[in-house]
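K.L.:
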DNA sequence: ATCGTTTATCGCAATTTTACGATAATATAA
DNA sequence: TTATATTATCGTAAAATTGCGATAAACGAT
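Protein chains in written order, with the UniProt record's numbering: chain A, 1 to 111; chain B, 1 to 111.
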C-alpha cells in the first residue's frame, strides 16, 4: 500500500470518512446508542452489555474517542464515557446534508 | 481474531455499521458525491477524478456495490455506475434517526 | 500498607483493507 | 480480423483492524 492516498482528498471528505469509519462496526454503533439511551455517564458497565472482552471494548471506546464522537473523563477508579456534543454536531452537519443530497439525486437519475 | 463477534449484534446495527463502513473512506465518499452531482450515469471517468489507480477505484466501486449503495450495469464496453435508490433510502432511514437521536441525547447529558 | 476493582495498554495472531501493476475479458472501431 | 479502449480480476505487499489474555496502573476501601 505504501502511502495512504487518502491524504490527497478533500478535508471535509476525509473527516466525513473518518466519522463513518468510526461508526463502521456494530459494537461501536451499540456503544453510542447505549450512551444516548442513558443520559447519565456510563462507566464500565458498557462491557457487560457487549459480547466482547473488556480489552476489546476499551479499544472500541478509544476509536470512538479518537474520532471525537465520545469523550471519556477519568473519575476515580472509573472512566466516565459520554457522547461528545461537538462531534455529534459535526456528524450531523456532515452526514445529514450528504444523505439528503444523495436522496435528492436518486430522484432524477437515469437508472 | 478467530470469530467475528459482529454476528452477535443486532441486525439493524450490523446493517448500519455495514453502510457506515462502506462510506468510511474518502475515495468512496468522493465517488458517491460524484454520482450524486452528475445525474447521468457515470462510466469510467470516475477514475480520472480520483488520485488512484484504475484497479483501486474498481475495488472501491465494488465495495460500494456490495453494500448496496451504488449499482453498476454493463453497458457495452463500459459500466454504468449510479446510486442505488434502495440503498440510499436505507441509509437515510437508518442514519437520520440515529444522528437525530444522538443529537437530542447530548442536550440532556451530564458532561 | 495491602487488597480488590476498574480500566488502559501490551503482545500476539488472524483477518481485512488498501493499493498497485499485470493481465484477462469484452465490446467497439478500423 | 485485428487493434483499441474499458473494466474486472488476480497476485502481491504493506498496513490497519479486530479480538483476546495478560498485565500494569491507579484509585478506593479495609
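Virtual Cβ for every residue (Gly too), placed ideally from N, Cα, C.
Enumerate in chain order the residues of its own chain whose CB-to-CB distance from residue 98 (chain B) is below 6 Å, with the five nearest sequence positions on each side excluded.
P.N.:
Here the question's residue 98 (chain B) lines up with position 98 in the second chain. If we look at residue 98 (chain B) and ignore the five residues flanking it on each side, it has no Cβ neighbours.
K.L.:
Relative to the C-alpha of residue 65 (chain B), which candidate in B:19, B:103 and B:37 has its C-alpha closest?
P.N.:
Within the second chain, numbered from 1, the residue matching residue 65 (chain B) stands at position 65. The option with the nearest alpha carbon to residue 65 (chain B) is B:19.
K.L.:
Tell me which residues of the stretch 60-94 of chain A have at least one Cβ-Cβ distance to chain B shorter than 7 Å, keeping chain order.
P.N.:
Going along the stretch 60-94 of chain A in chain order, one finds 73, 80, 82, 83, 85, 88, 91 and 92 with a Cβ nearer than 7 Å to chain B.
K.L.:
List the DSSP bridge partners of residue 79 (chain A).
P.N.:
The residue labelled residue 79 (chain A) in the question sits at position 79 within the first chain. DSSP lists A:74 as partners of residue 79 (chain A).
K.L.:
Using a C-beta to C-beta distance shorter than 7 Å, which residues of chain B count as neighbours of residue 106 (chain A)?
P.N.:
By 1-based counting over the first chain, the position of residue 106 (chain A) is 106. Within 7 Å Cβ-Cβ: 83, 85 and 88.
K.L.:
Rounded to a whole number of angstroms, what is the C-alpha to C-alpha distance between residue 42 (chain B) and residue 51 (chain B)?
P.N.:
Translated into positions along the second chain, residue 42 (chain B) becomes position 42. Translated into positions along the second chain, residue 51 (chain B) becomes position 51. Cα to Cα, the separation comes out at about 17 Å.
K.L.:
If contact is defined by three or more beta carbon pairs under 8 Å, each pair taking one atom from either stretch, is the stretch 20-38 of chain B in contact with the stretch 9-27 of chain A?
P.N.:
With a cut-off of 8 Å, the stretch 20-38 of chain B and the stretch 9-27 of chain A count as touching, because enough Cβ pairs lie within range.
K.L.:
CB residue 83 (chain A) to CB residue 17 (chain B), shorter than 9 Å?
P.N.:
If you number the first chain from 1, residue 83 (chain A) lands on position 83. If you number the second chain from 1, residue 17 (chain B) lands on position 17. No, they are not a contact pair.
K.L.:
Between the alpha carbons of residue 35 (chain B) and residue 60 (chain A), how many angstroms are there, rounded?
P.N.:
Residue mapping note: residue 35 (chain B) aligns to position 35 of the second chain, counting from 1. Residue mapping note: residue 60 (chain A) aligns to position 60 of the first chain, counting from 1. If I take the Cα positions, the gap works out to 32 Å.
K.L.:
If you draw a straight line from the alpha carbon of residue 40 (chain B) to that of residue 46 (chain B), how long is it in whole angstroms?
P.N.:
In the second chain, counting from the first residue as 1, residue 40 (chain B) sits at position 40. In the second chain, counting from the first residue as 1, residue 46 (chain B) sits at position 46. Cα to Cα, residue 40 (chain B) sits roughly 13 Å from residue 46 (chain B).
K.L.:
Considering only residues of the same chain and omitting the five flanking positions on each side of residue 88 (chain B), which have a CB-CB separation below 8 Å?
P.N.:
Taking the first residue of the second chain as 1, we reach residue 88 (chain B) at position 88. Result list for residue 88 (chain B): 69, in chain order.
K.L.:
What ranges does the alpha helix (DSSP H) occupy inside the UniProt domain "HTH arsR-type" (8-103) of chain A, keeping only unbroken runs of at least 4 residues that lie completely in it?
P.N.:
The qualifying runs are 11-22, 26-37, 46-49 and 54-66.
K.L.:
Can you say whether residue 74 (chain A) is buried or exposed, counting buried as having 16 or more other CB atoms within 10 angstroms of its CB?
P.N.:
As a first step, residue 74 (chain A) is located in the first chain; it is residue number 74 there, counting from the start. Exposed is the call here.
K.L.:
Check the Cβ-Cβ distances between residue 101 (chain B) and every residue of chain A, and say whether any is below 9 Å.
P.N.:
What you label residue 101 (chain B) is simply residue 101 of the second chain in a count that begins at 1. Judged by the 9 Å Cβ criterion, residue 101 (chain B) is in contact with chain A.
K.L.:
Measure the alpha-carbon distance for residue 63 (chain B) versus residue 56 (chain B) and round it to whole angstroms.
P.N.:
For the purposes of this step, residue 63 (chain B) is taken as the residue at position 63 of the second chain. For the purposes of this step, residue 56 (chain B) is taken as the residue at position 56 of the second chain. Each residue's Cα considered, the two are about 11 Å apart.
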